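A.B. asks: In this note's numbering, the protein residues as written are 53 to 355.
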Ligand SMILES: NC(=O)c1ccc[n+]([C@@H]2O[C@H](COP(=O)([O-])OP(=O)(O)OC[C@H]3O[C@@H](n4cnc5c(N)ncnc54)[C@H](O)[C@@H]3O)[C@@H](O)[C@H]2O)c1
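#1: Between which residues of its own chain and residue 338 is the CB-CB distance below 6 Å, once the five residues before and five after are set aside?
#2: Find out if the Cβ-Cβ distance for the pair residue 164, residue 123 is shorter than 8 Å.
#3: From the DSSP output, read off the bridge partner residues of residue 251.
#4: For residue 320, count neighbouring Cβ atoms within 10 angstroms of its own Cβ and tell me buried if that reaches 16, exposed if not.
#5: Taking its Cβ as the centre, do 16 or more other Cβ atoms sit within 10 Å of residue 248, making it buried, or is it exposed?
#6: Which one or two residues does DSSP pair with residue 123 in a beta bridge?
#7: Between the Cα of residue 251 and the Cα atoms of 202, 93, 82, 316, which residue gives the shortest distance?
#8: Who are the Cβ neighbours of residue 113 in its own chain at under 6 Å, not counting the five residues just before and after it?
#9: Quick check: what's the CA-CA separation for residue 214 versus residue 314?
#10: Compute every distance between the C-beta of residue 326 and the non-hydrogen atoms of ligand 1, then say whether any falls below 7 Å.
#11: When the Cα atoms are used, what is the spatial distance from residue 57 to residue 187?
#12: Given that a residue counts as buried once 16 or more other Cβ atoms are within 10 Å of its Cβ, and exposed if not, what is residue 131?
#13: Would you report the Cα separation of residue 177 and residue 101, rounded to the nearest angstrom?
#14: Please list, in chain order, all residues of the same chain as residue 350 whose beta carbon is under 7 Å from its beta carbon, the five residues on each side excluded.
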């Protein structure tokens, strides 16, 4: 299969490119390197260093002629989205609309879209959060990611394109940026390996659903041949506290520096974990990597 991975120079997208290549597919990457890196792109994948809004994207669709478009390029920061809502919407809403338009015009069979389980539902009314939960984002980023879902589904209704929408929990694993504002596992790993002190927001008892990036990749491989019309959460179905993350990482790294406790993050959802039974039923997918194993792999890659 010829698969165009947008955002393939980023954290999650680069793992997808790798997994697709390993499964024997042809992969091309579209990425403007806003946060991604050329070195993340596997050698066997062609990198088109272009913006989602660039004219050149039309030529790329003609030249590579993808059968599947896997759309992971995004303005992926909640903080940036709140500081600059117009830019956030231009990339995540407008960029997705443009990509879908080109996919339809060029006979793409299927679009796979990365949405955000941690932000589109807002403050959970009940746990675990199912896909039936109200859409009530509390950030510009959560709103623009949901707008992208709407464009994907619009193309299915009006042009018959196949789609799968994934709403991820908190992804972690190799190649996540340790200097970013999100991704507590990457940030703590970077600090601990430097012998620096970590700051835990609030009391550290907030619980989120952390999903290993390799498990996200396997869901995206399954979606090549199954899950048409599916909107599905992708997580572990369980929450882990920041204090537990801190202890697990400290053990894996041999860290002895005590953490500092800071103020809670304003507007942060305290507890969320995702019901992932829909993905299991539709794709036969389940996370295969335990938290301890995922942490060990992550630490090994940062060393
Ligand atoms: N990391 C998570 O926990 C998480 C959770 C839920 C959803 N997601 C979604 O998964 C996707 C990947 O996230 P990530 O964590 O790997 O982030 P990332 O920042 O590492 O990857 C995003 C990639 O998109 C590229 N990009 C940004 N704007 C672009 C543009 N205008 N044109 C072309 N390329 C552009 C960046 O250079 C980067 O390589 C995003 O769509 C994000 O919303 C991530």
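The beta carbon of each residue, even a glycine, is placed where N, CA and C say it ideally should be. No experiment lies behind these values; they were computed from the predicted model shown.
C.D. replies: Reading off the structure:
#1: Closer than 6 Å at the Cβ level, and outside the excluded window around residue 338, lie 332.
#2: Yes. Within cutoff.
#3: Its beta-bridge partners are 312.
#4: Residue 320 should be labelled exposed.
#5: That one is exposed.
#6: For residue 123, which the question treats as bridged, DSSP gives the partners 58, 165.
#7: Among 202, 93, 82, 316, the Cα nearest to that of residue 251 belongs to 316.
#8: Answer for residue 113: 154, 158, listed in chain order.
#9: If I take the Cα positions, the gap works out to 46 Å.
#10: At a threshold of 7 Å, residue 326 does not count as near ligand 1, since its beta carbon sits no closer than that to any of the ligand's heavy atoms.
#11: Taking the straight line joining both Cα atoms gives about 27 Å.
#12: Exposed, because fewer than 16 other Cβ atoms sit within 10 Å of the Cβ of residue 131.
#13: The C-alpha of residue 177 lies about 41 Å from the C-alpha of residue 101.
#14: Spatial neighbours of residue 350 in its own chain (CB-CB distance under 7 Å, excluding positions within 5 residues in sequence) are listed in chain order as 224, 225, 226, 237, 241.
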